[in-house]
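Numbering (the numbering used here), first residue to last: 11 to 292.
Okay, structure first, notes after.
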Amino acid sequence: MTTAVPAITSVSAAPAPGARLKMHREGPVLVLTLSNPTARNAINPSVYRAAAKAMRATSGFRTVRAIVLCGEGEHFSGGGDLRRLARQRKLPASEQHGHIGALHEWIMAIQEAPQPVIAAVEGAAMGGGFSLCLACDLIVAAEDAKFAMSYVNVGLSPDGGGTDSLVRALPPQAALEMLLDGTPCTAGRLHELGVVNKVVPHGEACTTALAWAQQLARGPFEVQARIKQLVYSARGRSRREQLEAERESFLASLYGDESGERIKEFLSPRKKQETSEEGPAT
Numbered sequence: 011m012t013t014a015v016p017a018i019t020s021v022s023a024a025p026a027p028g029a030r031l032k033m034h035r036e037g038p039v040l041v042l043t044l045s046n047p048t049a050r051n052a053i054n055p056s057v058y059r060a061a062a063k064a065m066r067a068t069s070g071f072r073t074v075r076a077i078v079l080c081g082e083g084e085h086f087s088g089g090g091d092l093r094r095l096a097r098q099r100k101l102p103a104s105e106q107h108g109h110i111g112a113l114h115e116w117i118m119a120i121q122e123a124p125q126p127v128i129a130a131v132e133g134a135a136m137g138g139g140f141s142l143c144l145a146c147d148l149i150v151a152a153e154d155a156k157f158a159m160s161y162v163n164v165g166l167s168p169d170g171g172g173t174d175s176l177v178r179a180l181p182p183q184a185a186l187e188m189l190l191d192g193t194p195c196t197a198g199r200l201h202e203l204g205v206v207n208k209v210v211p212h213g214e215a216c217t218t219a220l221a222w223a224q225q226l227a228r229g230p231f232e233v234q235a236r237i238k239q240l241v242y243s244a245r246g247r248s249r250r251e252q253l254e255a256e257r258e259s260f261l262a263s264l265y266g267d268e269s270g271e272r273i274k275e276f277l278s279p280r281k282k283q284e285t286s287e288e289g290p291a292t
């Protein structure tokens, strides 16, 4: 059932001609749609700011349990608007500095959101569009989707965390191939490399991502937030530091209400009967 987004609809709107961020609710799932279909959903600083604001606002809603990010029409996003960047070259660099800062705020808002964030990719995810879906926690892609770090093709280095995401996910050689070459990569290859989680038939990426989001939305909110935090902070810690962080997170979870309710449910006679009928878990 589709419902309106409570209290945060004011940040969607149409930030600039041709580029909008649309939002709606599917029960506990917030769906954010990049809307600029005539330009393959090219994004601009107004969209960056609207999206970051929406995600920061949503983090306070326990009724929003998962987020899906998709593109309107045939594509996820072709990345930045090159016509805007061409105009930007005639303006002070300090202005573009602020625009990139807004994009990076959006990237950080995705990482810091307590909810799982799923990118649903149809068609093209190029340049900033690729960086954006890499920033999401999970990626569902259509089998004919194409991904490219196409910045190099127009003489630019990546933004939006593209280098960071690829280096964290891949060996340096594979990351550099994508960053230096700029040739589109298939969803199938990225799935083999572990970057894309699920590959689905054409036209089914959003439906599959939404179904997955609904499933995740039934999970324990606080625990999922802690798991995200542990994963994203692991690279900056020693093994000992990560073990300490895991211990603190486990204790906070164990003594929280979510764990108490779920352990009680799991140990209930009815649950034991269901587990017995299904057979051993291992």
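C-beta: ideal position from N, C-alpha, C; glycine also.
Is the beta carbon of residue j closer than 8 Å to that of residue i?
{"i": "G81", "j": "Q224", "result": "no"}
{"i": "R75", "j": "Q121", "result": "no"}
{"i": "L113", "j": "Y161", "result": "no"}
{"i": "M188", "j": "M159", "result": "yes"}
{"i": "I128", "j": "V206", "result": "no"}
{"i": "E256", "j": "L240", "result": "yes"}
{"i": "M33", "j": "L44", "result": "no"}
{"i": "T217", "j": "K208", "result": "no"}
{"i": "A155", "j": "V177", "result": "no"}
{"i": "A61", "j": "L40", "result": "no"}
{"i": "E268", "j": "E214", "result": "no"}
{"i": "L79", "j": "C146", "result": "yes"}
{"i": "A52", "j": "D91", "result": "yes"}
Note down the Cα distance separating residue i from residue j, rounded to an integer number of angstroms.
{"i": "N8", "j": "L144", "result": "Examination of residue 8 is not possible in this model, given that the chain is present from 11 through 292 alone."}
{"i": "A235", "j": "F140", "result": "24 Å"}
{"i": "S167", "j": "A67", "result": "31 Å"}
{"i": "R228", "j": "W222", "result": "10 Å"}
{"i": "Q183", "j": "A197", "result": "19 Å"}
{"i": "G108", "j": "E115", "result": "10 Å"}
{"i": "D169", "j": "I110", "result": "7 Å"}
{"i": "R199", "j": "H212", "result": "16 Å"}
{"i": "L220", "j": "T48", "result": "24 Å"}
State the DSSP-derived secondary structure class of residue i, mapped to helix, strand or coil.
{"i": "G81", "result": "strand"}
{"i": "T43", "result": "strand"}
{"i": "E214", "result": "coil"}
{"i": "R30", "result": "strand"}
{"i": "S243", "result": "helix"}
{"i": "T13", "result": "Because the pLDDT of T13 is 42, which lies under 50, any placement of that residue in the model is unreliable, and the number read from its coordinates should be weighed accordingly. Residue state, collapsed to three classes: strand."}
{"i": "A262", "result": "helix"}
{"i": "V209", "result": "strand"}
{"i": "T196", "result": "strand"}
{"i": "R35", "result": "strand"}
Residue i and residue j look like a contact to me (Cβ under 8 Å); what is the Cβ gap, rounded to whole Å?
{"i": "G138", "j": "G89", "result": "4 Å"}
{"i": "R94", "j": "N46", "result": "That belief does not hold up - the Cβ atoms of R94 and N46 are roughly 12 Å apart, past 8 Å."}
Just checking residue i against the ligand PLP - is the residue's beta carbon closer than 7 Å to any of the ligand's heavy atoms?
{"i": "K238", "result": "In the structure shown, the ligand PLP is absent, as is every other ligand, since no ligand is present at all."}
Please give the ranges of any beta strand (DSSP E) in the region 132-187, keeping only runs that are unbroken, at least 3 residues long and fully inside the region. 134-136, 148-152 and 156-158
Inside the region 56-130 only - alpha helix (DSSP H) runs reaching at least 4 residues: 92-98 and 103-122
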